[in-house]
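Participant:
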Amino acid sequence: MPATCIREKKMDNMENFIEVNNLSVLFDVRAGLLLRKIGTIQAVNNVSFSIKKGEILGVVGESGCGKSTLARLILRLIEPKSGSVKFNGKDIFELSKKELRKQRSRMAMVFQDPYSAMDPRYTIFRSLSEPFQIQNAHFNKEERRKKIDDLLKLVGLDPQHGFAYPHELSGGQKQRADIARVLTLTPPFIVLDEPTAALDVSVQAQIIKLLENLREKLDLTFLFISHDLSLVSYFCHRVIVMYLGRVAEIISADLIGEHAQHPYTKALVESIFRTVPGEKTKAPPLEGEVPSPFNLPFGCVFVSRCRYAQSVCHEESPVLKNTEHGGQVACHFPLDF
Amino acid sequence: MSFLEVRDLEVEFQVDKKPVTPIEGVSFELNEKEVLGIVGETGSGKSLTAHAILGLSTLVGGKIRGSVKFEERELLSISEKEMQSIRGAQIAFIPQNPMTSLDPVYRVGDQIVEGLTQHAKISKKQAKQQVIELMGKLHIPKPDRVFQQYPHQLSGGLKQRIVIAMGLCTNPRLLIADEPTTALDVTVQAQIMRLFGEMTADRGIGLFLITHDLGVIAQVCDKVAVMYAGNMVEFGKIKPVFNTPSHPYTKALLDCIPYIGMKKGSLSAIFGNVPSAGNYPTGCRYHPRCPHSSSQCETRVPALIQIEGGTRVACHLYQGKKDG
């Protein structure tokens, strides 16, 4: 796979733009009338990875695997129990309130549901001018109007759409407006949390093409979260596969189809219903469902559904090890390449 | 004679005293043991077609025209009382969201029993026995324990199996499933789809599967109907429709779906948006977005015609190439 190698090398030469080290977060779960603590969930457990400048890093996993929590941690929307997130070498968890506010203009997030991400009482124009006010960008009225008109054009909307309220736009238009709002302060790093999950496939394709163009034009770096492995493998350079708050595998997107080394990644690939008729999947690749986070299996968290599990998997939790192909895998018996 | 035959189905609603037809020109047939997939984007009329077959859209003030024949009975001309004896007993419906279609304050087992005792004259005890047996067949682990549980105690996949059990408990001949796996994870989706495959083969049920996921259709169905803006644009066997799509919309829709191994930058998108009901363009409803559009597409509605390979397509490109 020469093309992959060249790209990997090119990426290797660039220094890490974002570095995540041993990030963990615990959530208390409360219930009952007095909201007594009934347990804790380790939503993200000891996650480490890095993102290079210009890279699109994908995060996939089933619901409850901690992908969205990870996204929120990286933007410091929630505080971790331990670990660090370094942005250009600086740990964002050590920033003061004032510094953090400044940092916020350099990282942004596109949310899953375009229907609730915008204030329904604001016009698109007002929603888009708010970041300028918060970040004290001193533009006069005309400059601001011009800037917002340009942004709307950049994401494929008409400046006229600035006068509309969110409910007057279609799902795809709303998602475009949300992307425009994120771009107002030209942040170099954007977290995309399932930006197309609520959209139809034809609109999803429009948004993905828009994101491809924007990344090239504005030199952006993306963390792309999705449950759709086909989409992630198409759009991203590298993919993190998560299972119950832990990293199962980090793998180059080009290798995921044929050369996944973690049994869970392989099962996810086999679960995809491809649009090629006649290759009917005989047996579902995984039985059962993701275990409850309160009641994790001992040893490897995937052991209860893994068809390759052996006795050691019930006793010891596997650590993330480097593979020969530039990825990482957390499995006692990784599959052959 | 097919088991379910729908001809020129049309649904009309009155919106602001103006007639709006969200569904027009829908015709298809389904045989026993067959799985028919109906695919389209949001607002294309997939769910409404199912509701029309079940006679549910008349309840909310819609007018249905055309013909829906089920086992040689015309469903559109029978009384609501007769329809009630068919609905749930011979034609069952599995709603879209298992999270909201179960009553949170009743045990799931009792909710299945309720459906069964509505249509069959059996005692509660017998019904419970039958339901537990059915739950076992649907691969629900420890069915007698799950029977006693409340919806919030079950996972998404189990809840979906309970809703499927509700549909199947009366031994229906036709099952209509409205996006049964949209809310589920991919690994659970694969399990539920296998279940549907087993059901149609073992019980001789016809399955009418509504989904927006073309991958699911390709892997599970025998036939597919593609809907766009309330019209059926293509109908045929899975292989010809997916391997050599005829309608420009079917082609474009298939090109919008990324797959593993797809070259970066090669994804194509359909320009523009799906029009909403009431704002449909004249002529072919797809013409403003179609790369092959010509002047007749703007004025004349294309008829559904059969082309080579048995596929039926509603497009002016094929009007000269009629096959038998």
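In the order they appear, the protein sequences are chains A and B.
Residue numbers for the first sequence follow our numbering, beginning at 1 and rising by one.
Residue numbers for the second sequence follow our numbering, beginning at 1001 and rising by one.
Ideal Cβ positions, reconstructed from N, Cα and C, are used throughout, including at glycine.
#1: Below 9 Å between beta carbons is the criterion; list the residues of the segment 1203-1220 of chain B that meet it against any residue of chain A, in chain order.
#2: Let me check understanding here. Comparing Cα to Cα, which of B:Ala1092, B:Lys1069 and B:Glu1024 lies closest to Phe1208 (chain B)?
#3: With DSSP run on the structure shown, which of helix, strand or coil describes Val1226 (chain B)?
#4: Taking the alpha helix (DSSP H) that Glu1198 (chain B) falls in, what are its first and last residues?
#5: Over the uninterrupted beta strand (DSSP E) stretch that includes Gly1236 (chain B), give me the two end residues.
#6: Can you tell me whether Tyr165 (chain A) is helix, strand or coil according to DSSP?
#7: Is it the case that the Cβ atoms of Val1012 (chain B) and Arg1087 (chain B) are separated by a distance below 9 Å?
#8: Could you check if Ala1201 (chain B) is buried or exposed, using at least 16 other CB atoms within 10 Å of its CB as the buried criterion?
#9: Comparing C-alpha positions only, which one of B:Val1186, B:Val1163 and B:Leu1168 sits nearest to Gly1325 (chain B)?
#10: Answer with yes or no whether the minimum CB distance from Cys1256 (chain B) to chain A is below 9 Å.
#11: Return the CA-CA distance between Val312 (chain A) and Val329 (chain A), expressed in angstroms with no decimal places.
#12: Please report the distance separating the alpha-carbon of Leu214 (chain A) from that of Ile208 (chain A).
#13: State the CB to CB distance for the pair Thr275 (chain A) and Ile1238 (chain B), rounded to an integer number of angstroms; the pair is presumed to be in contact (CB under 8 Å).
#14: Tell me, please, which residues DSSP counts as bridged to Met242 (chain A).
#15: Assess contact between the segment 79-88 of chain A and the segment 21-31 of chain A, defined as three or more Cβ pairs (one per stretch) separated by less than 8 Å. Is contact present?
#16: Would a check of beta-carbon distances place Thr355 (chain A) closer than 9 Å to chain B?
#17: In chain order, what residues of the same chain have a beta carbon less than 6 Å from the beta carbon of Gly1037 (chain B), not counting five sequence neighbours either side?
#18: What separation, rounded to the nearest whole angstrom, lies between the Cα atoms of Ser170 (chain A) and Leu199 (chain A)?
#19: Taking the CB atoms as reference points, tell me whether Val1226 (chain B) and Thr1042 (chain B) lie closer together than 9 Å.
#20: Using a Cβ-Cβ cutoff of less than 8 Å, which residues in the same chain neighbour Gly1061 (chain B) once the five nearest sequence positions on both sides are dropped?
#21: Any C-beta of chain A sitting closer than 9 Å to the C-beta of Ser1077 (chain B)?
#22: Give the DSSP bridge partners of Val201 (chain A), in chain order.
#23: According to DSSP, is Ala1092 (chain B) helix, strand or coil?
#24: Quick one: residues in its chain with C-beta nearer than 6 Å to the C-beta of Phe1242 (chain B), no 5 flanking neighbours on either side, listed in chain order?
#25: Should the segment 1142-1158 of chain B be regarded as contacting the segment 221-237 of chain A, the criterion being three or more beta carbon pairs within less than 8 Å?
#26: Answer yes or no: does any C-beta atom of chain B fall closer than 9 Å to that of Arg274 (chain A)?
#27: With DSSP as the reference, label Lys37 (chain A) as helix, strand or coil.
#28: Using the DSSP secondary-structure output, state which residues sit across from Asp1255 (chain B) in a beta bridge.
#29: Could you please give the first and the last residue of the uninterrupted beta strand (DSSP E) stretch that includes Asp193 (chain A)?
#30: Can you give me the C-alpha to C-alpha distance between Pro120 (chain A) and Ala177 (chain A), rounded to a whole angstrom?
#31: Does Gln1149 (chain B) have its Cβ less than 9 Å from a Cβ in chain A?
#32: Quick check: is any heavy atom of the ligand FMN less than 8 Å from the C-beta of Ser1044 (chain B)?
#33: Please list the residues of the segment 1173-1193 of chain B that have a C-beta atom closer than 8 Å to any C-beta atom in chain A, keeping them in chain order.
#34: Which ranges would you report for the alpha helix (DSSP H) in the segment 65-124 of chain A if only whole runs of at least 4 residues count?
#35: By how many angstroms is the C-alpha of Leu128 (chain A) removed from the C-alpha of Ala1177 (chain B)?
#36: Which partner residues of Ser226 (chain A) appear in the DSSP bridge assignment?
Facilitator: Looking at the coordinates:
#1: So the close ones are His1212, Asp1213, Leu1214, Gly1215, Val1216, Ile1217, Ala1218, Gln1219 and Val1220.
#2: Reading the second sequence from its first residue, position 208 is the one you call residue 1208 (chain B). Nearest option by C-alpha distance: B:Ala1092.
#3: Locating residue 1226 (chain B) in the second sequence gives position 226, counting from the first residue. Here Val1226 (chain B) sits in strand by DSSP.
#4: What you label residue 1198 (chain B) is simply residue 198 of the second sequence in a count that begins at 1. Note, Glu1198 (chain B): alpha helix (DSSP H), Val1186 to Arg1203.
#5: As a first step, residue 1236 (chain B) must be located in the second sequence, where it is residue number 236. Looking at the DSSP string, the run of the beta strand (DSSP E) that includes Gly1236 (chain B) is Asn1231 to Lys1237.
#6: As a position in the first sequence, residue 165 (chain A) is number 165, starting the count at 1. In this structure, Tyr165 (chain A) counts as coil in the three-state DSSP scheme.
#7: Against the second sequence, residue 1012 (chain B) aligns to sequence position 12. Against the second sequence, residue 1087 (chain B) aligns to sequence position 87. Per the sequence shown, the amino acid found at residue 1012 (chain B) is Glu instead of Val. Going by C-beta atoms, Glu1012 (chain B) is not nearer than 9 Å to Arg1087 (chain B).
#8: Here the question's residue 1201 (chain B) lines up with position 201 in the second sequence. It counts as exposed.
#9: Because chain B is modelled from 1001 through 1324, residue 1325 (chain B) falls outside the range shown and cannot be assessed.
#10: Mapped onto the second sequence, residue 1256 (chain B) falls at position 256. A Cβ of chain A is located within less than 9 Å of the beta carbon of Cys1256 (chain B).
#11: Mapped onto the first sequence, residue 312 (chain A) falls at position 312. Mapped onto the first sequence, residue 329 (chain A) falls at position 329. So the alpha carbons of these two residues sit roughly 17 Å apart.
#12: Along the first sequence, one-based indexing puts residue 214 (chain A) at 214. Along the first sequence, one-based indexing puts residue 208 (chain A) at 208. Spanning the alpha carbons of Leu214 (chain A) and Ile208 (chain A) requires a straight line of approximately 10 Å.
#13: For this step, residue 275 (chain A) is matched to residue 275 along the first sequence. For this step, residue 1238 (chain B) is matched to residue 238 along the second sequence. With a Cβ gap of about 10 Å, Thr275 (chain A) and Ile1238 (chain B) do not count as contacting.
#14: Locating residue 242 (chain A) in the first sequence gives position 242, where the first residue counts as 1. DSSP links Met242 (chain A) through a beta bridge to A:Val247.
#15: Contact between the segment 79-88 of chain A and the segment 21-31 of chain A is present, because at least three Cβ pairs lie under 8 Å.
#16: Lying before the first or after the last residue shown, residue 355 (chain A) is absent from chain A, which here runs from 1 to 337.
#17: Reading the second sequence from its first residue, position 37 is the one you call residue 1037 (chain B). Cβ within range, chain order: Leu1209, Ile1217, Cys1221 and Val1224.
#18: Position 170 of the first sequence, counting from 1, holds the residue named residue 170 (chain A). Position 199 of the first sequence, counting from 1, holds the residue named residue 199 (chain A). Whole-angstrom Cα-Cα distance: 10 Å.
#19: By 1-based counting over the second sequence, the position of residue 1226 (chain B) is 226. By 1-based counting over the second sequence, the position of residue 1042 (chain B) is 42. A distance of 9 Å or more separates the beta carbons of Val1226 (chain B) and Thr1042 (chain B).
#20: Taking the first residue of the second sequence as 1, we reach residue 1061 (chain B) at position 61. If the five residues before and after Gly1061 (chain B) are omitted, its C-beta is found closer than 8 Å to the C-beta atoms of Phe1013 and Gln1014, all from its own chain and listed in chain order.
#21: Against the second sequence, residue 1077 (chain B) aligns to sequence position 77. Taking a beta-carbon distance threshold of 9 Å, Ser1077 (chain B) does not count as an interface residue toward chain A.
#22: Along the first sequence, read from residue 1 onward, the residue named residue 201 (chain A) stands at position 201. DSSP output for Val201 (chain A) lists no bridge partner at all.
#23: Along the second sequence, one-based indexing puts residue 1092 (chain B) at 92. Residue state, collapsed to three classes: strand.
#24: In the second sequence, residue 1242 (chain B) corresponds to position 242, counting from 1. The answer, listed in chain order, is Ala1218.
#25: No, the segment 1142-1158 of chain B does not touch the segment 221-237 of chain A.
#26: As a working note, residue 274 (chain A) is residue 274 in the first sequence. With 9 Å as the cut-off, Arg274 (chain A) counts as an interface residue toward chain B.
#27: The residue given as residue 37 (chain A) occupies position 37 in the first sequence. Collapsing the DSSP output to three states places Lys37 (chain A) in a strand.
#28: Locating residue 1255 (chain B) in the second sequence gives position 255, where the first residue counts as 1. Paired residue(s): none; Asp1255 (chain B) is not in a bridge.
#29: By one-based count along the first sequence, residue 193 (chain A) stands at place 193. In this chain, the beta strand (DSSP E) harbouring Asp193 (chain A) covers Phe189 to Asp193.
#30: Locating residue 120 (chain A) in the first sequence gives position 120, counting from the first residue. Locating residue 177 (chain A) in the first sequence gives position 177, counting from the first residue. When only Cα atoms are considered, Pro120 (chain A) and Ala177 (chain A) end up about 13 Å apart.
#31: Residue 1149 (chain B) sits at position 149 when you count from the first residue of the second sequence. Proximity of Gln1149 (chain B) to chain A, defined by a Cβ-Cβ separation below 9 Å, is not satisfied.
#32: This structure lacks the ligand FMN; in fact it carries no ligand of any kind.
#33: Flagged, chain order: Asp1185, Val1186, Thr1187, Val1188, Gln1189, Ala1190, Gln1191 and Met1193.
#34: List check, alpha helix (DSSP H) in window: 67-74, 97-104 and 114-117.
#35: Here residue 1177 (chain B) corresponds to residue number 177 of the second sequence, with the count starting at 1. Here residue 128 (chain A) corresponds to residue number 128 of the first sequence, with the count starting at 1. So the alpha carbons of these two residues sit roughly 41 Å apart.
#36: On the first sequence, position 226 is the one that residue 226 (chain A) refers to. DSSP lists A:Val60 as the beta-bridge partner residues of Ser226 (chain A).
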